[in-house]
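This report concerns only the one structure given below.
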Amino acid sequence: MSEVDRLFREEWGRLLAALIRAYGDFDLAEEALQEAFAAAVEAWPAGPPANARAWLYGTARHKVIDRVRRGAALAQKLAELGREHEAVDVELDPDAEDAVPDERLRLVFTCCHPALPLDAQVALTLRTLGGLTTEQIAHAFLVPSTTMAQRLVRAKAKIREAGIPYVVPGADDLPERLDGVMSVVYLIFNEGYNQSYVAAAGEALVRHALCAEAIGLARLLLALVPESAAVEALLALMLLTDARRDARVDAAGDLVLLPQQDRARWDRAEIEEGQRLLTAALARGPAGTYAFEAAIAAVHAEAARADDTDWPQIARLYDRLFALHPSPVVALNRAAAVSMAEGPAAALPLLDALAEPLADYHLWHAARADVLARLGRQAEAAEAYASAHRLATNEPERRFLARRARELGA
Numbered sequence: 000m001s002e003v004d005r006l007f008r009e010e011w012g013r014l015l016a017a018l019i020r021a022y023g024d025f026d027l028a029e030e031a032l033q034e035a036f037a038a039a040v041e042a043w044p045a046g047p048p049a050n051a052r053a054w055l056y057g058t059a060r061h062k063v064i065d066r067v068r069r070g071a072a073l074a075q076k077l078a079e080l081g082r083e084h085e086a087v088d089v090e091l092d093p094d095a096e097d098a099v100p101d102e103r104l105r106l107v108f109t110c111c112h113p114a115l116p117l118d119a120q121v122a123l124t125l126r127t128l129g130g131l132t133t134e135q136i137a138h139a140f141l142v143p144s145t146t147m148a149q150r151l152v153r154a155k156a157k158i159r160e161a162g163i164p165y166v167v168p169g170a171d172d173l174p175e176r177l178d179g180v181m182s183v184v185y186l187i188f189n190e191g192y193n194q195s196y197v198a199a200a201g202e203a204l205v206r207h208a209l210c211a212e213a214i215g216l217a218r219l220l221l222a223l224v225p226e227s228a229a230v231e232a233l234l235a236l237m238l239l240t241d242a243r244r245d246a247r248v249d250a251a252g253d254l255v256l257l258p259q260q261d262r263a264r265w266d267r268a269e270i271e272e273g274q275r276l277l278t279a280a281l282a283r284g285p286a287g288t289y290a291f292e293a294a295i296a297a298v299h300a301e302a303a304r305a306d307d308t309d310w311p312q313i314a315r316l317y318d319r320l321f322a323l324h325p326s327p328v329v330a331l332n333r334a335a336a337v338s339m340a341e342g343p344a345a346a347l348p349l350l351d352a353l354a355e356p357l358a359d360y361h362l363w364h365a366a367r368a369d370v371l372a373r374l375g376r377q378a379e380a381a382e383a384y385a386s387a388h389r390l391a392t393n394e395p396e397r398r399f400l401a402r403r404a405r406e407l408g409a
């Protein structure tokens, strides 16, 4: 990775936040910052200057002013915002680390404003904070680039037309708004992690970027509310889950299930940080959904071997999670834990009860297939694996499910 690429990955969000804060226009700030990075490629043949961030910010600021001077429409736009483009200056020192979280958080809360549809919140957050291209975001969410571009245009127009403020909510509004932002962050993480083992055509890079961006956003939220048990638990959950990422595929790119994973490949630093955060979150209490999910991930992380996994404890944790969040997917995971803790016969009725809400969900068919195979009902298991294969869209999963169906005679 070149130095410009590294700086783009690390600095895009903070620099864009500063520019939007100064000029009040998403598109203008984005275009100017893109030009600044392009200029850096030409200007730094021997490497970046000592204060590369300040150089990039200053260059982008001049690009903004040049654009405004060339375009009467842009000048009018800034005038309507009550800004003097000739003399505007950012309130944030772009080299001051302690000021950066506040500016980036302004952008997070703007992108995740409840007036925007959820899909637009996610797309705009990734575009502005993560620096992902429209094509990358569209690819990650399996929609055409034109569709994603339209979402971004509509989201920016909504911010402008509705006068959505570029601020971190006050104490009275923060708890309600924080829940929404955490939901977006976790959605971004799941989109990246659930498909992060896709290796073809460069997809892994995009997926891994989603995971990294979500973890970075959670760290920003924790800087805003350092004593929030919910944010601590969310960050713990993502770290404990992300720690297993590299072990999820073998050298051929095929899926490796949790019991067969090489635990030496798990990221111990992420696990230890996640455990510390979870302990702090549980000490603050009461535990919420993120805390229970993180606790389940922590039990897996504590087992040196798959056979050492405390499945009865995991099943109890799922019981409590289901009491808080009684969704079909939580019920499915609970049934899988019961199958390990009490045996497949105890789990099958729980899975069959989910037939209606999860009939189109490939993991329900896969879980049921596993239970049926362990009960010796091979033909039914093969059919269930074949159904899971038909519904799955991820290629490594499809290969795994097809192989299991063949092994059982489908």
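Each residue of the sequence shown is one higher than the one before, starting from 0 at the first, in numbering that gives the first Met the number 0. Ideal Cβ placement from N, Cα and C applies to all residues, glycine included. Keep in mind that this is a model prediction, so the values were computed, not measured.
### Query
To which residues of the same chain is I136 closer than 7 Å at the C-beta, ignoring the five residues directly before and after it?
Taken in chain order, the residues that qualify are A122, L125, R126, M147.
### Task
Evaluate contact between the region 297–310 and the region 281–288, counting only Cβ atoms and requiring at least three cross-stretch pairs below 8 Å.
Look at the beta carbons and you see the region 297–310 not touching the region 281–288: under three pairs across the two are nearer than 8 Å.
### 4 or more residues per run - each alpha helix (DSSP H) lying fully within the region 205–276
If one requires a minimum length of 4 residues, the alpha helix (DSSP H) runs lying completely within the region 205–276 are 228–241, in chain order.
### Message
So for R13, helix, strand or coil by DSSP?
### Response
Residue state, collapsed to three classes: helix.
### Heavy atom of the ligand NAD within 7 Å of Y185 beta-carbon
The ligand NAD is not part of the structure shown, which contains no ligands of any sort.
#### Entry: Stretch pair the region 181–192 + the region 112–122: three plus CB contacts closer than 8 Å
Yes, they touch.
#### Entry: Proximity of L32 and L14 at Cβ, strictly below 8 Å
Yes, they are a contact pair.
### Query
Alpha carbon to alpha carbon, what distance is there between S1 and E212?
If you draw a straight line from the Cα of E212 to the Cα of S1, it is about 19 Å long.
### Query
Who are the near neighbours of R60 in its chain, counting only those whose CB is closer than 8 Å to its CB and skipping five residues on each side?
Only L18, A21, A31, V89 meet the Cβ criterion.
### Query
What is the rounded straight-line gap between the Cα of A352 and the Cα of A335?
Their Cα atoms are separated by approximately 13 Å.
### Residue closest to G130, alpha-carbon to alpha-carbon, out of P225, E29, N189
Looking at P225, E29, N189, the one whose alpha-carbon comes closest to that of G130 is E29.
### Message
Once DSSP output is grouped into helix, strand and coil, what is the label at L115?
### Response
Coil, per DSSP.
### Task
Could you check what DSSP says for L104 in three-state terms: helix, strand or coil?
Helix, per DSSP.
### Task
Determine the closest residue to R40 out of D26, T58, H388, F25, with distance taken between C-alpha atoms.
Strictly speaking, residue 40 in this sequence is Val, with Arg absent from that position. V40 has its Cα closest to that of T58, out of D26, T58, H388, F25.
#### Entry: Buried or exposed by the 16-neighbour rule on C-beta atoms within 10 Å, applied to T240
Answer is buried; the Cβ neighbour count reaches 16.
### Message
Need the endpoints of the alpha helix (DSSP H) that L128 sits in, please.
### Response
Looking at the DSSP string, L128 is not in any alpha helix (DSSP H), and its letter there is neither H nor E.
### Message
Spatial neighbours of L276 within its chain, please: C-beta separation below 6 Å, excluding the five flanking residues on both sides.
### Response
Answer for L276: E231, L234, A235, listed in chain order.
### Collapsed DSSP secondary structure at F291 in the structure displayed
Look at F291 here: in three-state DSSP terms it is helix.
### Query
Within 10 angstroms of its Cβ, does V67 collect 16 or more other Cβ (buried), or is it exposed?
V67 is buried by the Cβ-count criterion.
### Query
Nearest CA to the CA of R105: which residue from P47, A42, L177?
Per the Cα distances, L177.
### Message
Using 8 Å as the threshold, is the C-beta distance between F108 and P168 below it?
### Response
Yes; because the gap between Cβ atoms is below 8 Å, this pair is in contact.
### Task
Have a look at A404 and A391 and give me their C-alpha separation to the nearest angstrom.
Between A404 and A391, the C-alpha separation is close to 13 Å.
### Residue environment, E406, which counts as buried when at least 16 other CB atoms sit within 10 Å
Counting Cβ neighbours within 10 Å, E406 comes out exposed, since fewer than 16 surround it.
#### Entry: Beta-carbon gap between L238 and E190 smaller than 8 Å
In this structure, L238 lies away from E190, with their beta-carbon atoms at least 8 Å apart.
### Query
By how many angstroms is the C-alpha of F188 removed from the C-alpha of A286?
Looking at the two C-alpha atoms, the distance is approximately 21 Å.
### Query
Touch check for the region 365–374 and the region 339–352: three-plus C-beta pairs under 8 Å?
Three or more beta-carbon pairs drawn from the region 365–374 and the region 339–352 are found closer than 8 Å, and the two stretches are therefore classed as touching.
### Message
What does the alpha-carbon distance come out to for the pair E202 and H138?
### Response
Caution is warranted here: a pLDDT of 48 is assigned to E202, below 50, making its placement in the model unreliable, and the coordinate value is therefore given only provisionally. Looking at the two C-alpha atoms, the distance is approximately 8 Å.
### Same chain only: Cβ atoms within 7 Å of A161, ignoring 5 sequence neighbours per side
The residues are A114.
### Query
Which residues in the same chain as A35 place their Cβ atom closer than 7 Å to its Cβ, once the five residues preceding and following it in sequence are excluded?
Cβ contact annotation for A35 (same chain, cutoff 7 Å, sequence separation greater than five): L55, T58, A59, K62, in chain order.
#### Entry: Top-ranked residue by Cα proximity to Y192, from A251, N393, A380
Y192 has its Cα closest to that of N393, out of A251, N393, A380.
### Query
How is the alpha helix (DSSP H) around Y360 delimited, first residue to last?
Taken as a continuous stretch (DSSP letters only), Y360 belongs to no alpha helix (DSSP H), as it is neither H nor E.
#### Entry: R150, buried or exposed, once every other Cβ within 10 Å from all chains shown has been counted against 16
The residue in question, R150, is buried, as its Cβ has 16 or more Cβ neighbours within 10 Å.
### Message
With H, G and I counted as helix, E and B as strand and the rest as coil, what does DSSP make of V337?
### Response
In the three-state scheme derived from DSSP, where H, G and I count as helix and E and B as strand, V337 is classed as helix.
### From C110, E271, A296, R244, residue whose alpha carbon lies closest to that of Q260
Distance from the Cα of Q260 is smallest, within the candidate group C110, E271, A296, R244, for R244.
### Task
Might you give, ordered along the chain, the residues of its own chain that have their beta carbon closer than 8 Å to the beta carbon of P47, omitting 5 neighbours on each side?
Once the five neighbours on either side are set aside, the close Cβ partners of P47 are E2, V3, L6, A39, W54.
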